[in-house]
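Trainee:
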Amino acid sequence: MSELYLERVALTHFGCHQNRSAELGPGLNLICGPNGAGKSTLFQAILIALTERHSSSNRSLQNWVPWGCDGLGPTVELHLVCGGARYRIRKTFVHNPACEVEPLNGSKRLFNKPAESLLDSLLQDDGAAGLLLRALWGDHDATALIHPARVPSQNRSAPAALLQPLLDVSSPNQPTSSFSRLRQAAWQAYEERFTPGRQQIRKGSKLFDAAQRLDCARQQQKQMEDLQSALSSALDRLAEAQAGRRQAEADWDEARRAVANLRPRAEHYHRFQTELAAKQSALQTAQRDLEALEQAEAASTQTAEAHAALDRAERAAADAQRQHEQAQSELSAARQRHDQIEERLGSIERLIRRRDQIQAAQQTCGQRAEAFHQAENDLRTATDRLDAARAAFTEAENQLALLRTRAAAHQRARQRDALRERLQTLQTIESELARLEAAGAKLPVPTDQELEQIRTCVRELDALNQALDEQPVAVSIQPERPIELRVQDASGDRILELSERAGQTLALGEELILILPGFGRIELRRTGPQAEQRRARRNALAQQLETMWTGLGVSGLPELERRITARQQRHFAETRRDDLLSGETPDALHARLAELEHAVQEDGLRTDPEPPPSELAQAEQSLKNADAARTRADREWAAAAERLRNCEQELRAAQQSLQEQACGDPDAALDEIRSQIDAALADLDRLGATIQAATPNEITACRQQLQSALEPLQNRQDAASVALNQARQTLSEAATEHRLRKERLDEMLRTAPADPVSRREAIDRARQEADRALRDYETLRQTLPPDPADELAHAESRLNEAETRKDQAIEDHHAAERQLAELQGQDYESRRVQAVEELAAAEDAYQREARDAAAWALLHLLCQQAAAEATRSVASRLAALADPSIERLTAGNVRAIEIQGDGLEPIRARSRQFDELFGVDRFSRGTREQVLLGCRLVLAQLLASQGRQLLLLDEPLAHTDPLRHLAALDLLSELAQSVQILVFTCHPDRYQPLRQRPDVVAIDLGSGIVLPDG
Amino acid sequence: MVAFRFVHTADWHLGQPYRSVPDLAERLREARWVAVEAILKKAEQLPPHIVLAAGDQFDSPTPNPALVERLLETVAAHPSVTVYMIPGNHDPLRPRSVYVSPAFGKRPPNLIVLDRPEPVALDGSRVTLYPCPCTAQWGDNPLTWIPRRQPGQQLRIALAHGSLPSACQSDQRSYPIDINAPSRYDLDYVALGDWHRPTPPPAEDAAARMYYPGAPEIGGWDEPDAGQALVVELEPGALPRVAAFRTGQYTWRTLDADLADDSDLDQLLAQVKSSASQTTLLRLRLTGCLGAVARDRLEQALDQYAAQFARLEPNLDALACRSDDSALETTDPRLHHVFQALTRLADDPSALPANWPKDLPRPDAATIARALSFARRHLS
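Chains as they are written, first to last, in this note's numbering: chain A, 2 to 1015; chain B, 389 to 768.
In C-alpha cells:
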C-alpha cells in the first residue's frame, strides 16, 4: 500500500466556506476554530472529495450547497501525494458536477469519469484497500472501524485479509491474491451451480441441465421399457391368436369331415325306412282281414245275447208302471187337504198384518203431532233473536256515520290550509320573477360558445395586464454626468420628485432615472418590444370586448355573468311555479279555497276534536260485528220456519196414511178384523188342524206339521217314478243294442260267409296269412341300421360353431397383427437403442458435472471456513497490537481488548479494576473514544508501514480528561512521524502543547489565516 | 477323403446399443458389419464355402428394416458362400419376428434360415446338419430332437443356441446345453452360439467337439477376447480341427493398477502410452494413493493421451489423494487451512462442512481429489 497524504485543501462555495484554503504539513495538523467556524465542513469536504463521485446522487451532498448563493456547486480542491507523485484533484458536486485530476508532473489532465477512475486506482478503492483507508478517514462516532454493511458479501473478510501480511512480519511479501483468486473462483463456480440461501441446484446451471437431461433420459428409457413390454404383450397376443386360429381351422376341418361322412349314411337309412314301411302296410292289411272275420263271428254271438236281454227289460218295465200309479193316487188326496188348510192360514195371516198396520199408523200420528208443537216453540225464540240483532245493527250504523261526518269536516279544514300556503308560495315566486325580470333576465345573452370566447378574451387581457405590470426593468447607465433622482410618468410629460413616489411601485411606461453626481445617470424603465406587442394585443382585446359589451348592453363580464345567472334563476322559478300550479290557474285555486272556507264554516267543528283513526276503525268494526250478528239471526229464523213447515207436512201425511189404512174409522176396522180371525180358526178346527191363538208363530207351527205329514207320500211317489224311468231306460237300451247288433251282423255277413262253419274256416286261413306278414316285417325291422339324423344335426351344428370360431380367430389374428405392426411402426428399434445410449451418456455427464459441482462446493465452503478463521486471527493480532496504545490512552483503565472480525469492531475490553472482560459499551464515553482512537492509531500505523497515510480525526478527544489528553497528544506526536494526522478541534487550548512543536501545522479557521510553523 | 470345412460364427448382434460407451456406439455398430464382411470373405476361401451362424444375428427380434436390408445385401454380395443361420434367443422365431418379416422374404438364395428342427443335408449328403432354432427367449435343451445315427451317415453337426450348465441358473430355461452333448447325441461337432466370449478358446482346448466362437466384434468390457470366428475342419472318426481368426477391429482393454508413488505413476503412464490406438478402448481402474502433485500429473497426462485412444476411461474413484508437502507449500494460513481440511475429509468423511448442498451426495475420494486438483490449478 503506497503513501497517500494531502498537501493542500481548498473549498469554494462549500457550505459556510465561500473561499477557503489551507496548506497542510505531512505530519500533525491542528485545525482549530470555534463552533460554527466550519471545521466539520472542512473535514467532510476532504472526506467527500475522496469517497464520493462527483456525479453521486447522494442527497446528503445537498447539505454542502453554499449558504446564501444558490446555483453554485460546492467545490473541493485537494493536492494529493500518492505513490511518489503529486496530483491536484478538483471536484464539484450538485450544480454542474465535475471532477478533474491533474498530475502535477505535467501529464495530461483527466476529467470526470476517467478522472474518477484514476482517483479510484490511487486510493486502491477495489474493495479491500479502499475500505481500510476509509477506516482512517471515517466517521469518528462509529463504533466499528469498518461498517460491515459496506463490505461486499464475497469479500467479507477482505479488510482482515489485507491486514494479514502487514501483521505477519515473518512473511510480509506473501501474495494474498492466491487465496483470493481461489476463493473468488470457488465462489463463482459455486454460485453458478447453487442457490446461496437454500443450497439447491441453480436453474439453468450445467449441473441442473445435466440433471434435467438425466431425468429426460430416464423417462425416455421408461417409455421404451413400457413400449417393450407392450411389444412383448402384443407378440404374445399374436402368438395366441395364431394358435387359436390354427386350432379353430383344425376344428372346422374336422367338423366338415364328420358331416361329409354322415350324409351317405343318412341316405341309406332313408331307403331302408321306405322298404320297412311297405312291409308294415302288408302286415296291417292281413291283420285287418283277420280282424273282420273274427268280428263277424263275435257279432253273431253278441246279437243272440242282446235279444235275451230285451225280453228281460220288457217285464221289469211293466212291474214299475203298476207301483208308480198306486203312489200317485195317495199323494193327490193328501195334497187336497193341505191346500184347504193353507187357504185358512193365509187368510188369518192377512188379517193379522192389516191389524198391525192400523195400530202402527196410529202411533206415527202421535209422534208427528208432538214434533210439530216443538217446532212452533223454536220459531218463536228465533223471531225474538232476530229483532234484537236488527236493533243493534241500526245503532252501530248511526254511530259510524256520526264519526265519518266529523272526520270529513276536519279534512276539509286541512285542505283549505294547504291551499292557502300554496297560493302564498305562488305569490312569492311571482315577486321573484318580477325581480329577476328587472335584473335583466329577459335581456339577450350570448351563447355558451360566445361566452367562452368572451371569458378567454378577458383572461388573456388580464394576463397581458399582469405581464405588463411585471415587465422587467431595463437599465441604462450613462456615467460621468451629474446624477439626480426623479421619476418620470408614463406619458413622459411630468417629472416627479422621488419623495412623491416613495413607497409606490413603478408603473408601466414610467421611468426611474437615478442621477448620481460624480458617477452618472441610471435610467430604469419597464418597456421593450415584447411589452409593446403585449400592449397592442391588450388594446385590441379591450376594443373587441368593448364592442361586445355595447352590443349586449352590459358594462363588463361581471354584469354579463349576473345577467346569465338571473336568466338561469328565472327559468328555475318558472319551473317551480308551473309545478305548483300543476295545470290549474290561480283563479281556479282561489275559487276552490272559497268553497273550502264556506264548507268549513258550515261544519262549525272548530271546537270538536277530530276523531282519532282508531275510534273510526273501532266503530267500523262494531258495525261489521252487528251486521254479522244480524245475518246469523236471520239465518237461524229461516231455519226454524223451515223446520215448522216440514213438521206440519209430516203430521198431515201421517193422518192421511192412518185414514187410508183403516178405510174410515180405525176402531171399527179393528173390530171387524177380530171377528174374521175367529171364523177362520173355527174352519181350521173342522179340518183337523187346531191352533191355540191367531199368531204368526202358531201359523208357522201348523204349516210345519202339514208339511211333515206330506213328505213320506211324496218320497214314495218319487221313488216309484225313478224306478219306472230306470226300467224304461233299460228297455230302450236293450232294444237299441239289439238293433245295432242285428245291423252290424247283417253288415258283416255281406263280406263274410253267413254259414258259421265256412266262416270259421275263413278265419283260420286269414290268421295264417297275418302270421306270415308279421314275420316278414319283424325280420326286416331287425336289420334296420340306427338313424344318423341326430348325429348329422349335431355334426352340422358343430361345423357352424367351428366356422364362427374360425372367423373370429382370423379376425383376432389380424387385429393382433395390426396392433403389433402399429407398435413396431414407430421405429421402435432405433428409439430403443437411442434411449439406452442417451441414458448412459446422460448418467455419465451428470456424474461428471455432479463431481465437479461437489468439488467446487467443497472448495467454496472450505475457503469460507479458512477466511473466517483468518479474520479471527487478524482481529486477534490487531487487538494485541492496539493493547499498549489503549493502555496508555486510558491511563491503564483498559488493559486489553477484543476485536470482532468483519468490521474490526472493538467489542470487549478488559478492565484493570476488575481484571475482567466487559462489553465496550459498558465503559464511559471517554474510555470508549480512547479505545476507538487507539484502534485507529494502530491501524494507521500498520497501513503506514509501506508509506505515509492520511488520518482524519474530528474532535477525537471530546470526552477525555486532561491527564489522558496529554497521553493522547504524546501518541499523536509519535504517530505523526509516519502518518499525516488532521485533528479538527474547537479546543485549541487543549492542544497548546502540540502547537509549540515545530513540525505541527496549526490552522485557525476563525481567522482563516494559516499560521506559520511555530 | 477331403475334410469338410466351414466357418462357425454366432452372436453378430447387429444394431446392438452400447450402454457403456454411448459416444462410440455408432462406430462400434459399424465395426460389426466389417466383421460380418470378414467372415464371408473367409468363407469364400474355404470350399464348400459354408457359414454356420448359431443365432442372435440381430440384437432384437424386430430390428430396424434398414439393418435387415443391409444384411441381405451383404450376404448377396458373396454369392459363392452359403450362410445357414438359426434364430437365437435375442431374435427368436416368433410371429412377426425378423425371419418371417416381408423384408426378410427377399433374402438371396445363399442365405438359408433354418427355422425348424429338421435335418439338412450338406456337401452332397455326406454331412447332416441338425439345426435347433430358438422360438422364444427362453427354452429347454434344444438338442433333444436329434435322432440316432443312421447307417451310412458320415458327419453329424448340430447348430444350436444355448448355455452350458455353468452359466445356467437352475430356475431358468436359457436353452441349456448338455456338456456331453457330442457323445450323448453322437455328434461330430456342436456349433454353439449365445456366449460372446470364445469357449473354450481353441488354442487352449483343441480336443473338444463343441465350441462357442464368440461375438465377431467386442460388445462391452466383459467380453474383451471376443472379435473372432472359427474355421472348423471335420473328418469322420477324427477330432475336429478348429482355428480362430480375427474379425473384430476394436480392442477393449482394462488396466488395473495400484499406485503408491511417482515410479508407479511413470510405469502406468508408459503402459498407457504404449497401448494408444484409435481402435483401442482403454479402461483404467486405479487404486492406491497419490500425492496431489502426482495426481495432477496423472490427470493432465490422461487428458493428453485421451485423444490417442478410441476411448480412454480412467476410473480414479478408488485412488486416494494425499496432501503432500508440495501441495502445502504455502505460508498463507488460509490456503493451508483449505488443504488440511481436504486431507482431513479424505480420512474422515464426517468432517463435512456445514451448509453442504442438499442435492449433492457426500464427497467421496474422487470428489476430494477433484477439489484438490481445481485448487492447485487455480493456484499455479
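Ideal Cβ placement from N, Cα and C applies to all residues, glycine included.
1) With three or more C-beta pairs closer than 8 Å as the rule, is the segment 326-343 of chain A touching the segment 745-761 of chain A?
2) Taking the alpha carbon of Ala579 (chain B) as the point to measure from, which residue in B:Pro590, B:Arg597, B:Arg629 and B:Asp444 has its own alpha carbon closest?
3) Can you name the residues of chain B whose CB is closer than 8 Å to the CB of Ser831 (chain A)?
4) For Gln657 (chain A), which three-state DSSP category applies?
5) Verify the CB distance criterion: does Phe915 (chain A) have a CB-CB separation below 9 Å to chain B?
6) Using the Cβ count rule (16 or more neighbours within 10 Å means buried), how would you classify Ser448 (chain B)?
7) Can you check whether the CB of Leu597 (chain A) is closer than 9 Å to the CB of Ala1 (chain A)?
8) Is Val781 (chain B) close to chain A, meaning its C-beta is less than 9 Å from at least one C-beta of that chain?
9) How long is the line joining the alpha carbons of Cys17 (chain A) and Phe112 (chain A), rounded to whole angstroms?
10) For Glu651 (chain A), collect the residues of the same chain with a Cβ closer than 6 Å to its Cβ; drop the 5 residues on either side in sequence, then sort them by chain order.
11) Report the CB separation of Ala617 (chain B) from Thr635 (chain B) in whole angstroms; it is logged as a contact under 8 Å.
12) For Pro483 (chain B), go through chain A and note every residue whose CB falls closer than 7 Å to its CB, in chain order.
13) Output yes or no for whether 9 Å exceeds the beta carbon distance between Pro483 (chain B) and Leu821 (chain A).
14) Per DSSP, Trp640 (chain B) forms a beta bridge with which residues?
15) Give the straight-line distance between the Cα atoms of Phe394 (chain B) and Pro628 (chain B), rounded to the nearest whole angstrom.
16) So with CB distances below 7 Å, who are the chain B contacts of Arg182 (chain A)?
17) Whole-angstrom Cβ separation of His766 (chain B) and Glu870 (chain A), contact assumed at under 8 Å?
18) Flag this pair as touching only if the segment 470-489 of chain B and the segment 426-446 of chain B have three or more C-beta atom pairs under 8 Å; answer yes or no.
19) Quick one: is Phe633 (chain B) near chain A, going by C-beta distance under 9 Å?
20) Would you call the segment 373-387 of chain A and the segment 644-663 of chain A in contact, with 3 or more CB pairs under 8 Å?
21) Quick one: Cα of Asp813 (chain A) to Cα of Ala242 (chain A), how far?
22) Strictly below 8 Å CB to CB, what residues from chain B border Trp857 (chain A)?
23) Which residues of chain A have a Cβ atom closer than 7 Å to the Cβ of Pro751 (chain B), listed in chain order?
24) Output needed for Ala1017 (chain A): all residues of its chain with C-beta closer than 6 Å, excluding positions within five of it in sequence on either side, in chain order.
25) How long is the line joining the alpha carbons of Glu295 (chain A) and Asn801 (chain A), rounded to whole angstroms?
26) Return the residue from the list B:Ser665, B:Lys429, B:Pro741 and B:Asp613 that minimises the CA-CA distance to Pro584 (chain B).
27) Got a sec? Which residues, its chain only, sit under 6 Å from Arg514 (chain B) by beta carbon, not counting five neighbours each side?
28) By DSSP's criteria, Met598 (chain B) is part of a beta bridge. Which residues make up the other side?
29) On the premise that Ala361 (chain A) lies in contact with Trp638 (chain A), defined as a C-beta separation below 8 Å, what is that separation, rounded to the nearest angstrom?
30) Within the continuous beta strand (DSSP E) that includes Gly920 (chain A), where are the two ends?
31) Which residues of chain B have a Cβ atom closer than 9 Å to the Cβ of Glu870 (chain A), listed in chain order?
32) Assuming contact is defined by CB atoms lying nearer than 9 Å, are Lys429 (chain B) and Leu460 (chain B) in contact in what I supplied?
33) At the 9 Å Cβ level, is Tyr638 (chain B) part of the contact set with chain A, yes or no?
34) Could you check what DSSP says for Gln931 (chain A) in three-state terms: helix, strand or coil?
35) For Leu558 (chain A), which residues from the same chain have a beta carbon less than 6 Å from its beta carbon, with the 5 sequence-adjacent residues on both sides left out?
36) Measuring CB to CB, does His96 (chain A) end up less than 9 Å from Arg87 (chain A)?
Mentor: Working from what's here:
1) no
2) B:Arg597
3) Asn452
4) helix
5) no
6) buried
7) Coverage of chain A is limited to positions 2 through 1015, which leaves residue 1 (chain A) absent and any answer about it impossible.
8) No statement about residue 781 (chain B) is possible, as the shown extent of chain B runs from 389 to 768 and does not include it.
9) 27 Å
10) Arg369
11) 5 Å
12) Leu236, Leu239, Ala240 and Gln243
13) yes
14) B:Leu669
15) 11 Å
16) His766
17) Going by Cβ atoms, the distance from His766 (chain B) to Glu870 (chain A) rounds to 20 Å, so no, they are not a contact pair.
18) yes
19) no
20) yes
21) 6 Å
22) Ala759 and Phe762
23) Ala855 and Leu859
24) Missing from the structure shown is residue 1017 (chain A); chain A here goes from 2 to 1015 and no further.
25) 57 Å
26) As written in the sequence, residue 584 (chain B) is His, which differs from the Pro given in the question. Here the closest residue by C-alpha is B:Asp613.
27) Gln542
28) B:Val578
29) Rounded, the Cβ-Cβ distance is 35 Å, inconsistent with contact.
30) Glu917 to Gly920
31) Pro721, Arg722 and His725
32) no
33) no
34) helix
35) Val459
36) no
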